[in-house]
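Protein chains in written order, with the numbering used here: chain R, -18 to 176; chain D, 96 to 196; chain X, 6 to 382; chain S, 115 to 837. This report concerns only the one structure given below.
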């Protein structure tokens, strides 16, 4: 895991920062892509969860390149600390990981799309081509010839906190209520059945 | 150079894998993993645009909310999965067809 | 003005900062810190065995090296030579990754540990937040370790360990939050600056709520490190050392090392948050930094930090050999029924205290009242 | 005196209050509440006296008038004015009328306490009497035609109910209906007149009508082809004909005698019938502008002469008086016709007084004569005779009044009748049509006839030997009783001419200083229309507004040299006076001859003019004509025609025809419903079944399939919107 030093007041020369970031970008992107691919190919759920973990850490890295340090840390805290472990617990509680293979397909000819590994690869490649075509068709590229400006790395936690407390206060309160609901709901649903 | 379109590409990949998982896999946990990926793809987009286009922190905030809500959603979904397993002894999605006509 | 270790070195060697050079300095800085931490981890094992022996009126390791100091190296060597056995049906990929995750989770937090004013590797603005986040990886590692070794005991151990770590993370985070509330920022630098050198200026004695926060933090961190009263995952009697039963050799060493370094890190964070971190009493460090040898200030700060951390470490070790182990349900009820509510009220308490007493500590209030009473001006 | 609401209104409100009290609690009161009615009318008499003193004696200006108004209802919407004001209008004529009506009514109330003493429905009588008096006073006081019409109708009702007082007598019932119906014909015309006026003038207040006349807003207007003014004048005069029993509609008055005598005295002699003449007097300028004065004169003289002739052969004492009333009313109308405005009004007042006295006297005579067999009162003159000794006071009153009515000098009758005849003569001489001389000629002949039949009645009842011994003996000697004789004597006191003319002979020859100059003739003159243009109405309630009354000086050109007309007028009057005196005495002498000295034998005369006599008995076959022809043939026929039309034409074609049409419509509708609507309903059924089958298969029940569909839809949408 690369440790990147993000200075609070001082800004490195543009060159240094940019190169750091590119390195970080490449590494995290690579991590994410590989884990996505692994996810698509793996059959074992536990592996899938770990790959998910890796993918999410990759995304956290990407957030860092986008100067969203708070977001990266939250991502790690929430996903790694919470969701993935939850998934693992869920996997263990729902009888391990040997369910995958059997497909009760009524339409055999559709099976490839929904079943075997090879179709996935084909599908993945097709989608890549599709994306390139769509992007060029929709001229996604030109629209934002955005110059990469060396934005000073202002720490975001301070302003995020202020934003949360002023403009997005309502959303903040709403989310708290939502979390409470989810908390209680999940606990209630997952109670063991009284046989 | 690292530009917006590269980030868009990455989020698209994430989205696509998520979609593949959701549509292709038969186990509930896989579908949920796919779902997490899709949500992350959206959040990544937000932050990318906030960094390259608007230079304001609203994108970050939105991504923050997506992360929080995704966590809540994951919790409830997994609880449902467990209940589904308790009822049907399997996590295979095809079992979930009570709503058939 | 240097701020962290790489810049410190640059100024030391008066080098021009180029891209890969800074990268190099960071690498060197990281390498040094990791080694120091592992040495401390090792010494910790030695210390623990010595202290426990002392408490049980026995001598403890004194064969290897002077007074047994090199015992940990001997252990390490032993670990290296041990054969890496993997259970038959174990999940190879996860089996290998689990110890890695634990180790990474712990050593990643070192980057932010505020050893001294300039020698901290990185003064992250979201420092505290970062520590909590990364340390949650350990829970994941333990669970995967438990699951991957494909045996009932390790699975149970792993699940218990993971659930214990997750649930105790909450009271710890909330108590940290009250400190963050007081200091107004999540970076260690601001927290330390808000505290003074002398004990009464530390946050622990700032107000009753922070004192309770310290206690909750301490208990939580014990549970988080699977230490002493909460060492259920590797409880010898029931689970045959829990999740790392199947691990041998270097993987087991990773787990053990991770555990001891985690305790060190948690004590360090605790010291920084509550006991004033690298603050030196009577402003000695500022005085020294003005003298021709600025390095002395760093040494003094280092000294302050390490003494406080080792004090806490000593306390942890003592507790291990005094308190009996908790049952799982007691463990869980302690967390959810006692620690979390206390931590929550504590948070609200500090907030009210801040509003009502305008962030003054008790001592300041008494002083202000005193001066006020005496014809205050 | 300030003319505030509470100084004028009590005149009407006292009798009205009495009516209300008697109507509801009368029967429980002491003496059935008669004292309330009498007291009420006496109180309003005092008020009237106060007004009379102020208007006539103090103001003494010809043009003084009080006009207080309040808005009764105001429904004017936008520019369409529909506002009716009610109020009081008091000038010298009203003051005198008020005094006369209240005076006569008080005495009649007093007399009726005596006359109706034993009657079963004693209280009820006073109820209607009070109502009637309040209605009459209100009519006199009212300032616009509508309120006059309202109280006109109210009086009609009271006369109907009083005529039909003895309900048990079937003849009385018929008479009351007859009276009500005939007056109603007149009222319809009167209402038409009012509506025409309102349509043109926009208001029906007398002042407004006069000012409209002055401004000439009537010219050019025409109603149903006829010029507006003549139409209105004819209609208003129609009202008078109906009410004052003039020529075509006089049939109801003789039959009205069925009612109790005091009621006849009050209603059918003094007040109600006078109301018609009072209306014409008020509306005199309209009549003149309408140019129907000749027509009025003719109607008046024909009525007078006709009634007088019928009165000759009447045997019932009240019948004689009834016909004499019709004839005197005819005189008044003739007076209006010939332009004798002031004399006709004076004749109205004087006639009211002595006719009321005559009726009361007749009443006391009838009251004292009992018929054992029928237990009723005797009214037939042949059964009377020689009552002079038995009833000296009644005889005295009867004598004065008979002298007054027959136009003997020194009496009020002569003063007023002579002036009318003088003006009639002048009218005859001056009038372009020579044949109009018939009016004064008939007038003088009627004067003679009047004298003859009045004295015939006098001699038959009081002189000669008593023809019916039994009745005569039973009639007990009359001793002076306050309720019976005092009213009679007081009224007979007022029949003296001096009261009205201020000169002994009534011709202004010998002036009596104490009474002052000719107060009557100077005060009541024809209203000069021009004066009314600028007089505004004064709101009733806000008494702080000073009444506006100009006292324009009536410039009397004193002794300037007489113009030619005045010379002729003076000559006519002197001739008129002499001839009327001669004729009056001639009439008396004939009556004396025929009934006292028996020089002439009435039977012989009857046989001589047998056909004429028969006609007189049948009252010129008017009743016969009305019953048989007008109603029998005309109305019934019309009625039958209408019935036939309704049955055959209307029912057959309109009602039944509609039924056929309805059936046709129904058939068409049912066909439409069958063929088209049902088809549509079935169609929708099939469509739904089609969709059901195709869409059902979509629900495979597999979540991923739904995801795929969802995703494809979304991406498709995104692509479509972007391109």
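All C-beta atoms, glycine included, are put in the ideal place defined by N, C-alpha and C. All of these numbers come straight from a predicted model, not from anything done at the bench.
Contact defined as beta carbons within less than 8 Å: I believe residue 304(X) pairs with residue 285(X). What is the distance between those atoms, to the nearest angstrom? Stepping through the third chain from its first residue, residue 304(X) is reached at position 299. Stepping through the third chain from its first residue, residue 285(X) is reached at position 280. That belief does not hold up - the Cβ atoms of residue 304(X) and residue 285(X) are roughly 10 Å apart, past 8 Å.
Reducing DSSP to helix, strand and coil, say where residue 207(X) ends up. Within the third chain, the letter at position 202 stands for residue 207(X). It is coil, neither helix nor strand.
According to DSSP, is residue 318(S) part of a helix, a strand, or is it coil? On the fourth chain, position 204 is the one that residue 318(S) refers to. In the three-state reduction of the DSSP assignment, residue 318(S) falls in the coil class.
When we look at the beta-carbon of residue 798(S) and count the other beta-carbons within 10 Å, is it buried (16 or more) or exposed? Here the question's residue 798(S) lines up with position 684 in the fourth chain. Classified as exposed, residue 798(S) has fewer than 16 neighbouring CB atoms from the shown chains inside 10 Å of its CB.
Chain-order list of residues whose beta-carbon lies under 8 Å from that of residue 121(D) (same chain, five-residue window excluded): Position 26 of the second chain, counted from the start, is the residue given in the question as residue 121(D). Here the set comprises 187, 188 and 189.
Could you tell me which whole alpha helix (DSSP H) segments of length 4 or greater appear in the stretch 383 to 450 of chain S? Counting whole runs of 4 or more residues, the stretch 383 to 450 of chain S contains the alpha helix (DSSP H) stretches 386 to 396, 398 to 404 and 407 to 426.
Distance, residue 558(S) Cα to residue 565(S) Cα: Counting from 1 along the fourth chain, the entry for residue 565(S) is found at position 451. Counting from 1 along the fourth chain, the entry for residue 558(S) is found at position 444. Straight-line Cα distance between these residues: approximately 11 Å.
Between the C-alpha atoms of residue -17(R) and residue 192(D), what's the straight-line distance to the nearest angstrom? In the first chain, the residue the question calls residue -17(R) occupies position 2. In the second chain, the residue the question calls residue 192(D) occupies position 97. Annotation note: pLDDT 36 at residue -17(R) (below 50); position unreliable, no value reported.
If I measure Cβ to Cβ from residue 702(S) and keep anything under 6 Å in the same chain, skipping five residues before and after, which residues do I get? Counting from 1 along the fourth chain, the entry for residue 702(S) is found at position 588. By the criterion of a C-beta distance shorter than 6 Å, residue 702(S) is surrounded in its chain by 565 and 569, once the five residues flanking it on both sides are discounted.
Return yes when the Cβ of residue 234(X) is within less than 9 Å of the Cβ of residue 165(X), no when it is not. Looking up residue 165(X) in the third chain gives position 160. Looking up residue 234(X) in the third chain gives position 229. No, they are not a contact pair.
Roughly how many angstroms lie between the CA atoms of residue 497(S) and residue 583(S), to the nearest whole one? Taking the fourth chain and counting its residues from 1, the one referred to as residue 497(S) is at position 383. Taking the fourth chain and counting its residues from 1, the one referred to as residue 583(S) is at position 469. In a straight line, the C-alpha of residue 497(S) is about 9 Å away from that of residue 583(S).
Assuming residue 166(R) contacts residue 166(D) (C-beta within less than 8 Å), just tell me the rounded distance between them. As a first step, residue 166(R) is located in the first chain; it is residue number 185 there, counting from the start. As a first step, residue 166(D) is located in the second chain; it is residue number 71 there, counting from the start. Taking a contact as a CB-CB distance under 8 Å, the pair residue 166(R) and residue 166(D) does not count as one, their CB atoms being some 13 Å apart.
Output, in chain order, the set of chain S residues within a Cβ distance shorter than 9 Å of residue 195(D). As a working note, residue 195(D) is residue 100 in the second chain. Those are 813, 814, 815 and 816, listed as they occur along chain S.
According to DSSP, is residue 503(S) part of a helix, a strand, or is it coil? Mapped onto the fourth chain, residue 503(S) falls at position 389. Residue 503(S) sits in coil when the DSSP states are folded into three classes, being neither helix nor strand.
With DSSP as the reference, identify every bridge partner of residue 494(S), one or two as the case may be. One-based indexing of the fourth chain puts residue 494(S) at position 380. BP columns for residue 494(S) point to 430(S).
So for residue 115(S), helix, strand or coil by DSSP? Sequence index remark: in the fourth chain, residue 115(S) carries index 1 (1-based). Three-state result, residue 115(S): coil.
Inter-residue Cα distance where the pair is residue 427(S) and residue 704(S): Numbered from 1 along the fourth chain, position 313 holds the residue referred to as residue 427(S). Numbered from 1 along the fourth chain, position 590 holds the residue referred to as residue 704(S). Straight-line Cα distance between these residues: approximately 14 Å.
For residue 189(X), count neighbouring C-beta atoms within 10 Å of its own C-beta (all shown protein chains included) and say buried if the count is 16 or more, exposed if not. Position 184 of the third chain holds residue 189(X). With fewer than 16 other Cβ atoms within 10 Å, it is exposed.
For residue 151(X) versus residue 160(X), is the C-beta distance shorter than 9 Å? In the third chain, the residue the question calls residue 151(X) occupies position 146. In the third chain, the residue the question calls residue 160(X) occupies position 155. One thing to note: residue 151(X) has its Cβ within 9 Å of the Cβ of residue 160(X).
State buried or exposed for residue 442(S), treating a residue as buried only when at least 16 other CB atoms are found within 10 Å of its CB. Position 328 of the fourth chain, counting from 1, holds the residue named residue 442(S). Residue 442(S) should be labelled buried.
Could you check what DSSP says for residue 326(X) in three-state terms: helix, strand or coil? In the third chain, residue 326(X) corresponds to position 321, counting from 1. Looking at residue 326(X) - three-state DSSP - the assignment turns out to be coil, as it is neither helix nor strand.
Can you pull the chain R neighbours of residue 112(D), defined as C-beta to C-beta under 7 Å? The sequence position of residue 112(D) within the second chain is 17, counting from 1. Counting only Cβ-Cβ distances below 7 Å, residue 112(D) has contacts in chain R at 17, 20 and 21, in chain order.
Counting only beta-carbon separations shorter than 9 Å, does residue 156(X) have a partner in chain R? Along the third chain, read from residue 1 onward, the residue named residue 156(X) stands at position 151. False, the Cβ-Cβ gap to chain R never drops below 9 Å.
Any residues in the stretch 60 to 71 of chain R with a beta carbon nearer than 8 Å to a beta carbon of chain D? Which ones, in chain order? Listed by position, the residues of the stretch 60 to 71 of chain R near chain D (Cβ gap below 8 Å) are 60, 63, 64, 67, 68, 70 and 71.
Listed by chain order, chain B residues near residue 31(R) by CB distance under 8 Å: The structure shown contains no chain B; its protein chains are R, D, X and S.
Closer than 7 Å at the beta carbon, the chain D residues around residue 48(R): Counting from 1 along the first chain, the entry for residue 48(R) is found at position 67. Here the neighbours are 146.
With 9 Å set as the bound, which would you pick, yes or no: does the beta-carbon of residue 191(D) sit closer than that to a beta-carbon of chain S? On the second chain, residue 191(D) is found 96 positions in, with the first residue counted as 1. Residue 191(D) counts as touching chain S.
Contact criterion: CB-CB distance below 9 Å. Does residue 0(R) meet it with respect to chain X? The residue you call residue 0(R) lines up with position 19 of the first chain. It does: the Cβ of residue 0(R) has a partner Cβ on chain X nearer than 9 Å.
Distance between residue 400(S) and residue 259(S) (C-alpha atoms, nearest Å): Locating residue 259(S) in the fourth chain gives position 145, where the first residue counts as 1. Locating residue 400(S) in the fourth chain gives position 286, where the first residue counts as 1. A straight-line Cα-Cα distance of about 13 Å links residue 259(S) and residue 400(S).
Give the residues of chain X in contact with residue 158(R), contact being defined as C-beta atoms less than 7 Å apart. Looking up residue 158(R) in the first chain gives position 177. Going along chain X, no residue has its Cβ under 7 Å from residue 158(R), so there is no contact; the nearest lies around 17 Å.
Would you check if the distance between the CB atom of residue 538(S) and the CB atom of residue 640(S) is smaller than 9 Å? Indexing the fourth chain from 1 puts residue 538(S) at position 424. Indexing the fourth chain from 1 puts residue 640(S) at position 526. No Cβ-Cβ contact shorter than 9 Å links residue 538(S) with residue 640(S).
Quick check on the DSSP output: the beta strand (DSSP E) that includes residue 201(S) runs from which residue to which? Stepping through the fourth chain from its first residue, residue 201(S) is reached at position 87. Going by DSSP, residue 201(S) is part of the beta strand (DSSP E) stretching over 197 to 205.
Using the rule of at least 16 other Cβ atoms within 10 Å of the residue's Cβ for burial, across every protein chain shown, is residue 124(R) buried or exposed? Here the question's residue 124(R) lines up with position 143 in the first chain. Reliability of the predicted coordinates at residue 124(R) is poor, the pLDDT of 48 falling under 50, and no value is obtained from them.
Please identify the residue among 223(X), 318(X), 327(X) and 108(X) whose C-alpha is closest to the C-alpha of residue 40(X). Here the question's residue 40(X) lines up with position 35 in the third chain. Measuring from the Cα of residue 40(X), the nearest candidate turns out to be 108(X).
Check each candidate in 339(S), 283(S), 642(S) and 454(S) and name the one with the smallest Cα separation from residue 324(S). Your numbering for residue 324(S) matches position 210 in the fourth chain. Looking at the Cα atoms, 642(S) is the closest of the given residues.
Distance check for residue 112(D) and residue 328(X), CA to CA, integer angstroms please. Here residue 328(X) refers to the residue found at position 323 when the third chain is read from its first residue. Here residue 112(D) refers to the residue found at position 17 when the second chain is read from its first residue. A straight line joining the alpha-carbon of residue 328(X) with that of residue 112(D) spans about 50 Å.
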